[in-house]
Each structure stands twice: as structure tokens, then as C-alpha cells.
Amino acid sequence: MEPSSPLPPPLRTLEERLAHRFADPQILLEALTHPSTAQGKERKAAAPDNERLEFLGDAVLQLAVTERLYALFPEAPEGQLTPWRASLVSRARMADLATRLGLGDLLSMSRGEERNGGRTRQSILANAMEAVFGAVFRDAGWEAARKVILHLLDTEIAHLHAAPQEAAAINAKGELQELLQREGKEAPRYLCLKEEGASHDRFYEVLVTWKGLELARGTGKSKHEAEFAAAAEALKSLAKK
């Protein structure tokens, strides 16, 4: 019989969802400690925050996903693998995983940060998710961290493997917007250049631009499909630069 975890019930539930039992529970607590806990008078007494574990976890996540995609798609060129990886490790994806795991409710943070919506903020949730990956790596090494990451991303990776073009296209618009908005507040814009054909057999061509620059074009049987295709092409083009 495995020894019971010394963690409180909500954190034991998290261990179950991660499919990982921490040998050092303190490192999980560190992964769930937001930097705001070290503000003001609390600074001296505050536990280490999760920034260093986030830094580590980001690298572990990137490697685990890169290795998996490399193995699953032996014929895919680098220009195709890069946007797929970007989709799987995106901030939006990490925040979604964190929400599914209930990390927001488990975070230690200042009252001010909590009042400002910190428990549901995408950046904080994504950072916490990466910090948890870093914590698993510190606790049990590469193979354990890899298993946790692939366990959590199993559905997304399976979808990508079954229908790589469809999965990449569906995620492309969000990934392109996230990538470009790191460089500035302006979001990409989509312009329908062509719409033709019978009602049951339509054809659309869409242009995606950013700050007045043409990024890529895409086609499809609906305007949305063409937008997704244009975004996917833009991601491929940007990955080469």
C-alpha cells in the first residue's frame, strides 16, 4: 500500500489529476505560490514563489511536446511541426489546462491580486501550469515530467495525430493572434478577397494582415475555413523568420 500524501485533500486531488504523487510536497506548494505573496510586510516570511519553477517548466514542456511531435510525425518538415508545437504549448492552452485542474483555487496569492481577478487571469494560470511541470521535474525527473505533460495533453495530441491539418488550422487563429500581440496590441485582420461558386459549393479566399502588412492567404469552403487556413500559413511563414 502506498503511503498517504501529507498534502491537504484539494492538493491530493490535484496529484490524482496529474497522475503523480509528490515525494517532496513542498515543491508543489512552491509551484502554487504566486509572486504577490512576497509583497510588502509579508516579504521576509513568504515562501519561495513559483517564478523559477515556471522558468524550468516552460523548458520541460517545450522538450516533451517537441519530442512527441518528432516521433509521431516522422515525415513532417520543421515548418509544419513548429506551429503545431506552438498550439500545444501556448499560454491559452496552459491556462485551459490549469482551469481544468482547478489550479486557480489552489494558488497562494496576495489579497490584492485575488481582488483583481488573479485566480482566473490567463497569464497567472499559464505560469502556474508551467511551474507545476517544473515541480514534477524537480521532484522525480524527466520521465515523470514527460508522462504528466503527455497525460494532460493526450486528447489534443491524439486529435492532431488523427487529423493534423484540421487540428492545426482550428488552433491557428488563436495562436497567430497570441504571437502577434506579444509584439504589439494590434490583432491580425482578415479580409475576404474572393467569394464565388454555387451555394452548395462555395469558394473563399482570405488575406490576413497585421499593421498593414500582408502575412498570408488561405482558401476554404467557408469564410471561417479560409481564415483558419490563412492563419496557419502565416504561422508557417513567421516560423521561418
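Be aware that the sequence shown starts at 40, since it is given in the working numbering, and climbs by one per residue. Note that the Cβ used here is the ideal one computed from N, Cα and C, for glycine as well.
Where residue i falls: helix, strand or coil (DSSP)
i      : result
PHE242 : strand
GLU152 : helix
SER129 : coil
LYS275 : helix
LEU230 : strand
GLU114 : coil
GLU222 : coil
ALA265 : helix
Beta-carbon contacts of residue i that lie in its chain and below 7 Å, excluding the five residues immediately before and after
i      : result
ALA268 : ALA208, GLY257, THR258, GLY259
THR159 : GLY143
Span of the alpha helix (DSSP H), counted from its first residue to its last, around residue i
i      : result
LEU71  : Per DSSP, LEU71 belongs to no alpha helix (DSSP H) and is neither H nor E.
GLU182 : 181-191
PRO49  : 48-57
LEU146 : LEU146 -> no alpha helix (DSSP H), and no H or E assigned at all.
Pairwise C-alpha distance: residue j and residue i
i      : j      : result
SER149 : LEU127 : 30 Å
ARG154 : THR105 : 37 Å
ALA273 : GLY213 : 12 Å
ASN89  : GLU225 : 30 Å
GLY151 : ALA237 : 57 Å
ARG130 : GLN216 : 12 Å
GLU81  : ARG132 : Confidence in GLU81 is poor, its pLDDT being 48 and thus under 50, which makes the residue's placement too unreliable to answer from.
LEU142 : GLU182 : 23 Å
TYR243 : ARG228 : 16 Å
GLY157 : GLU114 : 42 Å
ILE163 : ASP135 : 11 Å
VAL187 : ALA174 : 11 Å
LYS262 : LEU68  : 47 Å
THR121 : LEU199 : 13 Å
ALA211 : GLU195 : 14 Å
ASP240 : LEU254 : 27 Å
SER147 : HIS73  : 6 Å
VAL171 : GLU235 : 50 Å
ALA103 : GLY180 : 12 Å
Boundaries of the beta strand (DSSP E) in which residue i is found, first to last residue
i      : result
GLY257 : 252-259
Buried or exposed by the 16-neighbour rule on C-beta atoms within 10 Å, applied to residue i
i      : result
ARG185 : buried
LYS279 : exposed
LYS27  : No statement about residue 27 is possible, as the shown extent of the chain runs from 40 to 280 and does not include it.
LEU230 : exposed
TRP249 : buried
ALA110 : exposed
THR76  : buried
ASP63  : exposed
ASP97  : buried
ASP178 : buried
PRO116 : exposed
ARG107 : buried
ALA197 : exposed
GLY266 : Per the sequence presented here, residue 266 reads as Glu, with Gly not at that position. Buried, by the Cβ-count rule.
GLU222 : exposed
LEU252 : exposed
Residues near residue i by beta carbon distance below 6 Å, same chain, minus five either side
i      : result
ASN166 : GLU93
LEU46  : PRO64
HIS190 : ALA58
Contact set for residue i: own chain, Cβ-Cβ below 8 Å, skip 5 residues either direction
i      : result
LEU145 : PRO49, LEU50, LEU53, LEU71
GLY118 : LYS275, ALA278, LYS279
GLN161 : ARG130, ALA131, ALA134
GLN282 : The structure shown does not extend to residue 282, since the chain is modelled only from 40 through 280, so no value can be given for it.
PHE176 : LEU95, GLY96, VAL99, ALA183, ALA184
MET168 : GLY96, MET133, ALA134, LEU136, ALA137, LEU140, LEU142
LEU218 : ALA125, LEU274, LEU277
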